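Student: Structure provided below as structure tokens; questions to follow.
Protein chains: 2
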Amino acid sequence: MRPTVHDVAGEAGVSLATVDRVLNRRSGVRAETVARVNAAILRLGYVRDISAANLAKQRVYNLLFIVPEGSNSFMLGLEQELNQAKLYSVLDRTHLDIRKVKTFDADALATALDGIDITQVSGVALVATESERVRRALARLREADIPVVTLVSDVSDAYRDHYVGIDNIAAGRTAASLIGRFCGRRSGKVALVAGSMLVKDHAERRAAFEQAIGEAFRGLECLPVLEGRDDAAVTRTLLAELLDREHDVVGLYSIGAGNRGVIDVLMSRTDYRDITVVAHELTDHSKQALHDGIFDAVINQDAGHEVRSAIRLLKARIDDTPVIANQEAIRIEIYIRDNLP
Amino acid sequence: MRPTVHDVAGEAGVSLATVDRVLNRRSGVRAETVARVNAAILRLGYVRDISAANLAKQRVYNLLFIVPEGSNSFMLGLEQELNQAKLYSVLDRTHLDIRKVKTFDADALATALDGIDITQVSGVALVATESERVRRALARLREADIPVVTLVSDVSDAYRDHYVGIDNIAAGRTAASLIGRFCGRRSGKVALVAGSMLVKDHAERRAAFEQAIGEAFRGLECLPVLEGRDDAAVTRTLLAELLDREHDVVGLYSIGAGNRGVIDVLMSRTDYRDITVVAHELTDHSKQALHDGIFDAVINQDAGHEVRSAIRLLKARIDDTPVIANQEAIRIEIYIRDNLP
DNA sequence: CAGATTCTGCTTTACGTACCTCAAAACTCC
DNA sequence: GGAGTTTTGAGGTACGTAAAGCAGAATCTG
Numbered sequence: 015m016r017p018t019v020h021d022v023a024g025e026a027g028v029s030l031a032t033v034d035r036v037l038n039r040r041s042g043v044r045a046e047t048v049a050r051v052n053a054a055i056l057r058l059g060y061v062r063d064i065s066a067a068n069l070a071k072q073r074v075y076n077l078l079f080i081v082p083e084g085s086n087s088f089m090l091g092l093e094q095e096l097n098q099a100k101l102y103s104v105l106d107r108t109h110l111d112i113r114k115v116k117t118f119d120a121d122a123l124a125t126a127l128d129g130i131d132i133t134q135v136s137g138v139a140l141v142a143t144e145s146e147r148v149r150r151a152l153a154r155l156r157e158a159d160i161p162v163v164t165l166v167s168d169v170s171d172a173y174r175d176h177y178v179g180i181d182n183i184a185a186g187r188t189a190a191s192l193i194g195r196f197c198g199r200r201s202g203k204v205a206l207v208a209g210s211m212l213v214k215d216h217a218e219r220r221a222a223f224e225q226a227i228g229e230a231f232r233g234l235e236c237l238p239v240l241e242g243r244d245d246a247a248v249t250r251t252l253l254a255e256l257l258d259r260e261h262d263v264v265g266l267y268s269i270g271a272g273n274r275g276v277i278d279v280l281m282s283r284t285d286y287r288d289i290t291v292v293a294h295e296l297t298d299h300s301k302q303a304l305h306d307g308i309f310d311a312v313i314n315q316d317a318g319h320e321v322r323s324a325i326r327l328l329k330a331r332i333d334d335t336p337v338i339a340n341q342e343a344i345r346i347e348i349y350i351r352d353n354l355p
Numbered sequence: 015m016r017p018t019v020h021d022v023a024g025e026a027g028v029s030l031a032t033v034d035r036v037l038n039r040r041s042g043v044r045a046e047t048v049a050r051v052n053a054a055i056l057r058l059g060y061v062r063d064i065s066a067a068n069l070a071k072q073r074v075y076n077l078l079f080i081v082p083e084g085s086n087s088f089m090l091g092l093e094q095e096l097n098q099a100k101l102y103s104v105l106d107r108t109h110l111d112i113r114k115v116k117t118f119d120a121d122a123l124a125t126a127l128d129g130i131d132i133t134q135v136s137g138v139a140l141v142a143t144e145s146e147r148v149r150r151a152l153a154r155l156r157e158a159d160i161p162v163v164t165l166v167s168d169v170s171d172a173y174r175d176h177y178v179g180i181d182n183i184a185a186g187r188t189a190a191s192l193i194g195r196f197c198g199r200r201s202g203k204v205a206l207v208a209g210s211m212l213v214k215d216h217a218e219r220r221a222a223f224e225q226a227i228g229e230a231f232r233g234l235e236c237l238p239v240l241e242g243r244d245d246a247a248v249t250r251t252l253l254a255e256l257l258d259r260e261h262d263v264v265g266l267y268s269i270g271a272g273n274r275g276v277i278d279v280l281m282s283r284t285d286y287r288d289i290t291v292v293a294h295e296l297t298d299h300s301k302q303a304l305h306d307g308i309f310d311a312v313i314n315q316d317a318g319h320e321v322r323s324a325i326r327l328l329k330a331r332i333d334d335t336p337v338i339a340n341q342e343a344i345r346i347e348i349y350i351r352d353n354l355p
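Chains P and G, in that order, give the protein sequences. Just remember that this note's numbering sits 14 ahead of the position in the first sequence, which is counted from 1. Just remember that this note's numbering sits 14 ahead of the position in the second sequence, which is counted from 1.
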């Protein structure tokens, strides 16, 4: 049988109330007695029963998620996963609040953060856009000892407890390796398509990609990035133009938002099988494109995993329980036609 | 505030005892009354508080894991993950019991299963080796309503509740695509190395691999499988012999146990960069081989994820709670040098 | 050594559920 | 309508912890 507070009290030769004071870091216990209690805890291997504790505490986890409003399909997927998580959250005394802010608008994000009632919220997860106001807002939360995790997009690490997302530099290098290897010994040009280079994640992927291509695949040359601004029509026009102009494009890297446009253009051409295409984010469209041979590989971060991980991390900080590091590491997943989930 | 049994009783106009009888499927309640209570539950959106329930029930999850004793490094990794999980398991009233049986010995496995005291064990996870005796042993567990999940290696689905592991046919096809694509336009032979073809998983991977190569990469020809029998020395000898004999080997697929031997042989040769190598299971050795350019890709199943998933699935069956399907799906992970975790 | 202060013990109530007992009420059957 | 059975109600205790109040003990201060 697992030891309880009663056993600890007995073992330490103190009363239950004293054990309680030590466990919950309440004042009014001499250092010496604290040590005696802690020694007893260690000796017995006592571990607090969190279920019972939370029951007694009437603890409810009020978690706030701040995400950009329906920008690209990845963010939509993230939102969907959040709603999924919401369905199950009642089971473990968790209330998920989802607030949407204007996409990549640091001020809107800061305003949302400033509006948080620190007495009502027990943890915050946000898709970060960094700015001075955002940093100040986050500092307020940390002062109030409210756990904060960043999701998908990070801020500097003094302002949050954890980052839940992939290493975008490694992701860019991965894309470079895949395109380079899939192209084999062919040489030629590589087209780059993105939503906007203002987004830090995309900028990082691009820089890492270009560097890795330059280092390892001398036969390939990166063309300037096409910025589709999250608009499929713009992407379509720009890419079609480019492919008409350049006749030795052997690879294409779709860095972020913009898969729809890329797929449309490639499908309308007869030479799409000659271009090695690597894109980001697994969605219904990109799965289909993999299946049809339009995309050769898709790099993905599991939005569902990220949501669950963020929830676990916040709760762990609230309950002061340990975290299983491996479980919380977000993988840079590579999908080809054959290993689709 | 979340509704409790008291609220349900009030809403249904019955006593607490009756609600309790309905919730816990005890007898002695008229069908009509049951319906009234259930209606009230639905109306209020009542969800049983599992923490409180388990506290009252003094529930302890006694989970038994049966794994093959230290055969290859993947199984060792699995065991390590189990021990990791054990460290945390005390936090949630879970006791993990790990029993090791002789590798791929169906009788030993069946004996272990037959020896289970069904009054003491609340759930079982096993790395399965199928046989009639094993099936009978599993049938006994299911009759006793003890949840069973298979880990890494499956039995036919009438004998277990879930399978936690990858689709080995898809994994074999994935390996074929990677080797085919990485080889580019080159043609030549592909060597296959495995522990033993008696293991179902490896046999499946191999068959799928050969089929996919035959379908999609006509320039490649699969050589007969080298069976290293989980012995690095044997693998070394066989592979070295083969590479001396055949001079147009462009690819190598390490299907299962045997990475150590493969790495040794390739490292000792000057031409290892000309051979595209895809292996299974991410370990310290295979990571190093990826890093050194000896391996081009590694296909992995996350042992830690599998262990945690098995635990969650067993508990979900025990508590009769829903499962998040996506969270429990084991991915066929592809690693190259750039996306190592 | 009295008085103040700090520390500790004892006890109670509560959280939401499970499970038990005993008695009362509502049915069934003849 | 009485005997028997089934269904329901009322109430209690328990699980392990939190949090509180109050009294008594130990320690410190002057």
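A virtual CB, placed ideally from N, CA and C, is assigned to each residue, including glycine. Bear in mind the structure is a predicted one, so any value in this text is a computation, not a measurement.
Pick out the complete beta strand (DSSP E) segments inside the segment 242–282 of chain P, 3 residues or longer, and give them in chain order.
Tutor: Here the runs fully enclosed are 263–268.
Student: Taking DSSP as the reference, what is the three-state secondary structure of A296(G)?
Tutor: According to the sequence provided, residue 296(G) is Leu. The question's Ala does not apply to it. The answer is coil: DSSP assigns L296(G) none of H, G, I, E or B.
Student: Is the CB of R195(P) under 8 Å away from at least one CB in chain G?
Tutor: Closer than 8 Å: yes.
Student: Taking the alpha helix (DSSP H) that E93(G) belongs to, which residues open and close that run?
Tutor: 87–103
Student: Against chain G, which members of the segment 51–77 of chain P pass a CB distance test of less than 7 Å?
Tutor: V61, I64, S65, A66, N68, L69
Student: Using a beta-carbon distance below 8 Å, is R335(P) in contact with chain G?
Tutor: The sequence given here has Thr at residue 335(P), not Arg. So yes, T335(P) belongs to the interface.
Student: Is D352(P) close to chain G? Criterion is C-beta to C-beta, closer than 8 Å.
Tutor: yes
Student: What are the boundary residues of the alpha helix (DSSP H) that includes T143(G)?
Tutor: Looking at the DSSP string, T143(G) is not in any alpha helix (DSSP H), and its letter there is neither H nor E.
Student: Please state whether the Cβ-Cβ distance between E144(P) and V169(P) is less than 8 Å.
Tutor: yes
Student: Taking 8 Å as the CB-CB limit, is Q341(P) close to chain G?
Tutor: yes
Student: Which stretch, first to last residue, makes up the alpha helix (DSSP H) that contains E224(P)?
Tutor: 214–230
Student: Which parts of the segment 176–201 of chain P are runs of the alpha helix (DSSP H), unbroken and 4 residues or longer, counting only runs that do not cross its ends?
Tutor: 182–197
Student: Start and end of the alpha helix (DSSP H) containing T133(G)?
Tutor: Premise fails: T133(G) is in no alpha helix (DSSP H) and is neither H nor E.
Student: For A293(G), which residues in the same chain have their Cβ closer than 6 Å to its Cβ, ignoring the five residues on either side in sequence?
Tutor: Short of 6 Å from the beta carbon of A293(G), and not among the five residues preceding or following it, lie these beta carbons of its own chain, in chain order: S268, N273, S300, F309, V312.
Student: Applying a beta-carbon distance threshold of less than 9 Å, which residues of chain P neighbour E347(G)?
Tutor: R345, E347, I348, N353
Student: Just checking my contact of Q341(G) with G91(P) at CB under 8 Å: how many whole Å lie between their CB atoms?
Tutor: Going by Cβ atoms, the distance from Q341(G) to G91(P) rounds to 15 Å, so no, they are not a contact pair.
Student: Quick check: is the beta carbon of R187(G) nearer than 8 Å to any beta carbon in chain P?
Tutor: With 8 Å as the cut-off, R187(G) counts as an interface residue toward chain P.
Student: Per the contact definition of three or more C-beta pairs closer than 8 Å, is the segment 150–168 of chain P in contact with the segment 192–208 of chain P?
Tutor: Because the criterion of three Cβ pairs below 8 Å is not met, the segment 192–208 of chain P and the segment 150–168 of chain P do not touch.
Student: Taking the C-alpha atoms as reference points, what is the distance between R326(P) and E320(P)?
Tutor: 10 Å
Student: With a threshold of 8 Å between beta carbons, is A321(P) in contact with chain G?
Tutor: What sits at residue 321(P) in the sequence shown is Val, not Ala. V321(P) does not count as touching chain G.
Student: Between A184(G) and chain P, is the shortest Cβ-Cβ distance under 8 Å, so that the two count as touching?
Tutor: True, the Cβ-Cβ gap to chain P drops below 8 Å.
Student: Considering just the uninterrupted stretch of the beta strand (DSSP E) at L37(G), what are its terminal residues?
Tutor: First-last for L37(G): 30–37, but that is the alpha helix (DSSP H), not the beta strand (DSSP E).
Student: Determine the burial state of L30(G): buried for a count of at least 16 other Cβ atoms within 10 Å of its Cβ, exposed for fewer.
Tutor: The residue is exposed, with fewer than 16 neighbouring Cβ atoms inside 10 Å.
Student: Enumerated in chain order, which unbroken segments of the beta strand (DSSP E) with a length of 3 residues or greater are wholly contained in the segment 151–175 of chain P?
Tutor: 162–165
Student: Taking the alpha-carbon positions, what's the R200(G) to A222(G) distance?
Tutor: 21 Å
Student: Once you ignore the five residues that flank A184(P) on each side, which residues in its own chain have a CB closer than 7 Å to its CB?
Tutor: I346
Student: Beta-carbon of S191(P) versus every beta-carbon of chain G: anything under 8 Å?
Tutor: yes
Student: Check this for me: beta carbons of I1(G) and T335(G), under 8 Å apart or not?
Tutor: The structure shown does not extend to residue 1(G), since chain G is modelled only from 15 through 355, so no value can be given for it.
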